[in-house]
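Chemist: For the record, in the sequence shown the residue sitting at position 127 is 217 according to the numbering used here, with numbers rising by one throughout.
The structure follows.
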Amino acid sequence: MNTKVLLFSDQEISSLLITYAENNNYDIEVNVRTAANGEYLPGVLDFKPFIVIIEAVSPMYQLQNFFIDLREENLVLRFIIFQRRGNEIFFVMSNENSDSSLYFYKDFFTQALSPIYNCRKMRYHDQIWNKFFNLDIRHYERRERLSEILCGISNPEFTDNREVYNLDLRSAGYYLFSYDLMPFEYEDHLLNKDIYYFVGHALDIEFLVELKSFNGGELYHYSPNHVYIFINDFDCKSVASGINKIKLLAERFSRVGKCRTACLYLSSRIEKIEDMRDAYDIYQNIRNYAFFCKEQEYLTENYVLRTKTQVAYGDVNAILSDLRDSILFNHVFDEIKVIIRKLVFDFIKLSYNFSLYFYCCDSIIAVLDEKYGDLAIDYASRLQHNIDFLRYTSIEHEYGSIIGILEELARKKNETNKNTLVFEAFTYIKKHYTEDIKVQDIASHLHVNGNYLSQLFKRITGQSIINYLISYRLERAKQLLMNTNNPIANVALLSGFQNPRHFSKTFSKTIGISPKDYRKSTS
């Protein structure tokens, strides 16, 4: 059983775990790390633990980024995530039913901390969970009402629900803010469901702190990946003052929800509650545009309308033609990067047009196929054609992917050419080994510089051309000595050695015995 435990916590917790493991002869290696700037992944890649124990501290988006890192690295880990409240530790962990060895780690964790802390394990929506997050039946009823408001509700219904469920929403004037982490569940969702919901609810608290510090409102926790916040408008003497306050709140929300895949959206002012559905529909329509403007702290309909430009297809095709020529005819790579940058940032990014993006990607794939053939096959899939996926990345990131693909293909093509050159050198040696050939003869035949060929040959094969030629000739001599009765002098000439004496000396030094004795030993 893998007994590596990676811990992200302070000295007190680490000392308790390590001391307990040592005193009770547990075969457990506890490695303690700090997550500088929320960087958990380097420790995982370096230590390769079976289970990771993390003390969840604000900001929670750093843990969400860690889960994204694991997905991108195709890693599935087991977790214990905990928080401290006084002398109690509340923790969630990966599903023991999925791996019985997790019972062992749960006992180790709780017993090690028991001298100081009362450890309480939580499951999604169990009694301890609800107590920890201050959730009760009224919370879930309020959640249902907020869902109805988001999907569309009349003002009389809203008025009744606001009174019955004590909703912190005014009678008129709202904004809708959404935090949309990603459209897909994590690969290991069933294993780590409690983990993801715990982090999601802890994130809700961070949002609520900011919300309550302003003008109040309500939060609707749809899933670990989706949060919708209803914000009460501000009572201000001027429109500009109200707009500035809502922008300030949105900026604070953006800092809370700074997961790198998140789509953050702020609606325009919603006059009455019946218009909430319209704001939600607008968000659904423009959320994809986050791909083109990821640098924005949050997305608004006004920003999209203000910055979106018409596509000049003639100019795009002209750039694609220049790009094709540059790639096919080996122009300077920096020039190719300039062309791609112009295509991506002067046209695709400003168009907010996925069809244009896909069209340009297909054109690039076609050129790569024409230039690199089979080498390009595995790279085509790396240019994403899935809008749901793309809106959680950015056009800047995909631009980097395109440049990386071109660089990698050029390198592989270069390596293939180099390997082909060495193979052709092998072929030449096998054909002409009986002649008095030199390195320059081979290089001239291959139309390359002799020093370059020598360095390349040694880097790829581990030996010089001359040493390979001598080894090949000696192998041929051994075959002749075993299978023919040719005199030693003839064997030397037939093997490519022009001087029989030099042949005998080289053979004896390399093989360990003379040619004559070798023949006797193999007869």
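Ideal placement from N, C-alpha and C gives every residue a C-beta, glycine not left out.
Does the segment 405–417 come within contact of the segment 452–463, defined as at least 3 CB pairs closer than 8 Å?
Modeler: Yes, since at least three Cβ pairs between the segment 405–417 and the segment 452–463 fall closer than 8 Å, the two stretches touch.
Chemist: Going by C-alpha to C-alpha distance, which of I321, F288, G290 and I295 sits closest to F304?
Modeler: Selected option, being the one with the closest Cα: I321.
Chemist: For R377, tell me which candidate among F169, S328, S268 and R342 has the shortest Cα-Cα distance.
Modeler: Nearest C-alpha to R377: S268.
Chemist: How long is the line joining the alpha carbons of D365 and G242, rounded to whole angstroms?
Modeler: When rounded, the distance between both Cα atoms is 8 Å.
Chemist: When DSSP labels each residue in this structure, what does V401 get in the three-state scheme?
Modeler: The answer is coil: DSSP assigns V401 none of H, G, I, E or B.
Chemist: Can you give me the start and stop residues for the alpha helix (DSSP H) that E162 sits inside?
Modeler: Residues Y151 to E162.
Chemist: Would S484 be called buried (16 or more neighbouring beta carbons within 10 Å of its own) or exposed?
Modeler: It is buried - the Cβ of S484 has at least 16 other Cβ atoms within 10 Å.
Chemist: Would you kindly check if the distance between the Cβ of L546 and the Cβ of L499 is under 8 Å?
Modeler: No, these two residues do not count as a Cβ contact at 8 Å.
Chemist: Curious, which full-length beta strand (DSSP E) runs of at least 3 residues does the segment 261–342 contain?
Modeler: The qualifying runs are 264–270, 307–313 and 316–322.
Chemist: Under 8 Å, with one C-beta from each stretch per pair, do the segment 525–544 and the segment 561–572 reach the 3-pair mark?
Modeler: These segments do not touch.
Chemist: Tell me whether I171 sits in a helix, a strand or coil according to DSSP, three-state version.
Modeler: Three-state result, I171: strand.
Chemist: Can you tell me whether E488 is buried or exposed, with buried defined as 16 or more other CB within 10 angstroms of its CB?
Modeler: Result: buried.
Chemist: Quick check: L492 and I426, are their CB atoms within less than 8 Å of each other?
Modeler: The sequence given here has Ile at residue 492, not Leu. No, they are not a contact pair.
Chemist: Quick check on L338: buried or exposed, where buried means 16 or more other Cβ atoms within 10 Å of its Cβ?
Modeler: The residue is exposed, with fewer than 16 neighbouring Cβ atoms inside 10 Å.
Chemist: Going along the chain, which unbroken runs of the alpha helix (DSSP H) with 4 or more residues stay wholly within the segment 212–262?
Modeler: Runs of the alpha helix (DSSP H) inside the segment 212–262: 217–222, 227–241 and 245–254.
Chemist: Suppose only complete runs of 4+ residues qualify. What are the alpha helix (DSSP H) ranges in the segment 363–422, listed by chain order?
Modeler: For the segment 363–422, whole alpha helix (DSSP H) runs of length 4 or above, ordered along the chain, are 366–376, 391–397 and 403–418.
Chemist: Quick one: what's got a C-beta closer than 8 Å to E231's C-beta in the same chain, skipping five residues either side?
Modeler: Y255, listed in sequence order.
Chemist: In whole angstroms, what separates the C-alpha of N155 from that of C326?
Modeler: N155 and C326: Cα-Cα distance of roughly 37 Å.
Chemist: A262: which of Y379, D294, D323 and I578 sits nearest, CA to CA?
Modeler: Answer by Cα proximity: D323.
Chemist: Nearest-angstrom Cα distance between T524 and F597?
Modeler: Cα to Cα, T524 sits roughly 16 Å from F597.
Chemist: Could you tell me the boundaries of the alpha helix (DSSP H) in which V457 lies?
Modeler: Where V457 is concerned, the enclosing alpha helix (DSSP H) stretches over F444 to Y462.
Chemist: By how many angstroms is the C-alpha of L301 removed from the C-alpha of F222?
Modeler: Near 20 Å, if we compare the C-alpha coordinates of L301 and F222.
Chemist: Roughly how many whole angstroms lie between the Cα atoms of T93 and V134?
Modeler: C-alpha separation (whole angstroms): 14 Å.
Chemist: How big is the Cα-Cα spacing for R235 and I206?
Modeler: Going from the Cα of R235 to the Cα of I206 covers about 42 Å.
Chemist: Return the chain-ordered list of same chain residues with a C-beta closer than 6 Å to the C-beta of T612, the five sequence neighbours on each side being excluded.
Modeler: M572, listed in sequence order.
Chemist: What distance in whole Å lies between the Cβ atoms of Y562 and I519, which are believed to be in contact at a cut-off of 8 Å?
Modeler: The Cβ separation is near 6 Å, so the contact holds.
Chemist: Throw me the rounded Cβ distance for the L446 and V401 pair, which I believe falls under 8 Å.
Modeler: Right, their Cβ atoms sit about 6 Å apart.
Chemist: DSSP state of R472, grouped into three classes?
Modeler: Three-state DSSP puts R472 in coil, outside helix and strand.
Chemist: Label R609 either buried or exposed according to how many other C-beta atoms from any shown protein chain fall within 10 Å of its C-beta, with 16 as the threshold for buried.
Modeler: Per the 10 Å Cβ criterion, buried.
Chemist: Using the Cβ count rule (16 or more neighbours within 10 Å means buried), how would you classify I141?
Modeler: Classification for I141: buried.
Chemist: At the level of alpha carbons, what is the spacing between M212 and L107?
Modeler: M212 and L107: Cα-Cα distance of roughly 20 Å.
Chemist: Excluding the five sequence neighbours on either side, which residues of its own chain have a C-beta within less than 8 Å of the C-beta of N589, listed in chain order?
Modeler: Contacts found: A582.
Chemist: Going by the CB atoms, is the gap between D189 and R168 shorter than 8 Å?
Modeler: Yes, they are a contact pair.
Chemist: Under the rule that 16 or more other beta-carbon atoms within 10 Å means buried, what is K138, buried or exposed?
Modeler: It counts as exposed.
Chemist: Taking 8 Å as the threshold (C-beta atoms), are K398 and Y442 in contact?
Modeler: Result yes, Cβ atoms of Y442 and K398 sit closer than 8 Å.
Chemist: I'd like to confirm the pairing. Which residues does DSSP put opposite M183 in its beta bridges?
Modeler: Answer is I170, bridged to M183.
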